[in-house]
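Residue numbering for the sequence shown follows the numbering used here, starting at 1332 and increasing by one per position. C-beta: ideal position from N, C-alpha, C; glycine also. First up is the structure itself, then whatever we jot down about it.
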Amino acid sequence: MNKLKAFILLFVFILVGFISAQAQRVESDSPLIGKWDLTINMTEDQIENLGLFRHGLMASDGFPGWLRVKLSGFSTLTGYYVGYEGSARPIAEVIYDESEDKYHFTIPPQWMDIDDLYFEFTLKDDKLSGYQMLNGNKLEWTGVRAPSLERKEPPIWGNPINLITENMDRWIIPANNKFQMIDGVMVNTESGGNLVSNQKFNDFKLSVEFRYPAGSNSGIYLRGRHELQIEDSKGRTDEVSIGGIYGFIAPSVYAANKPGEWQTYEVTLVGRHVTVVLNGTEVISNRPIPGITGGSLDSKEGEPGPIMIQGDHGPVEFRKFVITPAVN
């Protein structure tokens, strides 16, 4: 009898615990869960105070940002944030204040020696609005849901376009440009401005031949929003090494040649899905890019965008840069 009582008590305890756990599940309760494209507004004084600048043709209506919120466990909201520069940073917890109907979170700085960054915002009519405190500056921002970029039909490829010409007329040349044509090669001799293509593209294939000296760093921004890293990564295969989408997708293997040697990229971007072949080795296979990377021109992911070459880091050379856009 005592064994029967003990069994019944154990069963009741497990049942109560299960019901309690089930009652805490909130997967569908928070409308904040998802990906958001942000626009961060800064006054000229704030830009000067923070030592920032608008590189290339960055959108004049605000600096781009990105936020992802997801559920961790039964009830904790966590996520990732991408700001003006740098990589996607984890958010330990997004806290909801029910009494004020507001959310807030804090993350440490990445490339600045300042206090933690504080974010506070509301969600209304499926749009975000709020502010962040960045080194004493209150920056207002807004957010809209990121588009899925799902494609219903496979791409139909058009005619290839050679983006390297002797007079570089397929690019918008920045004021601090250091790129020049030398014997048919487009060379960035030192840190300067970023090149932005005249044309904008949706889906495309890209074929590139490039090289860089030891220790250098550059990148190719697909649609001006997703950086394909070019870097002397010294054998690393992480989210910020050569062959990866900066801060989001690491290459599966290290396939880079030595600094000073010519290398090749074959890239296919359809919707959010990207395939990257580095020097004949597929290092990313049809992976979705979650959102924009640091240094993007804008956060309008649903729109066509240009190709941007990062010239503000280090020397890099290109002897082939051919894009084949989809026509459907």
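Item, Value
"Residue from 1561, 1395, 1644 and 1468 whose Cα sits closest to the Cα of residue 1375", "1468"
"Test item: CB-CB of residue 1601 and residue 1607 under 8 Å", "no"
"Residue ranges of each beta strand (DSSP E) within the segment 1473-1531, 3 or longer", "1510-1513, 1516-1519 and 1526-1528"
"Whole-Å CB distance - residue 1640 paired with residue 1513, under 8 Å assumed", "About 16 Å separates the two Cβ atoms, so there is no contact after all."
"Cβ contact check for the segment 1574-1586 and the segment 1636-1653: 3 or more pairs under 8 Å", "no"
"Where residue 1656 falls, given that 16 or more other Cβ within 10 Å makes a residue buried", "buried"
"Spatially closest choice to residue 1540 from 1424, 1463, 1648 and 1556, by CA coordinates", "1648"
"At least 3 beta-carbon pairs within less than 8 Å: the segment 1454-1474 vs the segment 1358-1369", "yes"
"Helix, strand or coil at residue 1594 according to DSSP, with G and I counted as helix", "strand"
"7 Å CB neighbourhood of residue 1401 in its chain, flanking five on each side removed", "1364, 1409 and 1410"
"The segment 1585-1602 / the segment 1513-1524 touching (three or more Cβ pairs under 8 Å)", "no"
"Close Cβ partners of residue 1438 (< 7 Å) along its chain, the five nearest in sequence each way excluded", "1412, 1420, 1422, 1447 and 1448"
"For residue 1375, three-class secondary structure by DSSP", "helix"
"Backbone secondary structure at residue 1380 - three-state DSSP", "helix"
"Proximity of residue 1397 and residue 1630 at Cβ, strictly below 8 Å", "yes"
"CA nearest to the CA of residue 1621, picked from 1371, 1427 and 1570", "1570"
"Counterpart residues of residue 1548 in DSSP-defined beta bridges", "1562"
"Close Cβ partners of residue 1582 (< 8 Å) along its chain, the five nearest in sequence each way excluded", "1568, 1572, 1573, 1574, 1575, 1607, 1609, 1614 and 1615"
"Selected residue, minimal CA-CA separation from residue 1490, among 1461, 1484, 1500 and 1532", "1532"
"Cβ-based neighbour list, residue 1555, same chain, cut-off 6 Å, excluding 5 preceding and 5 following", "1628, 1636, 1637 and 1639"
"Collapsed DSSP secondary structure at residue 1443 in the structure displayed", "coil"
"Where residue 1624 sits in the DSSP three-state scheme", "coil"
"Close-in-space but distant-in-sequence residues of the same chain around residue 1599 (CB under 6 Å, 5 per side omitted)", "1536 and 1606"
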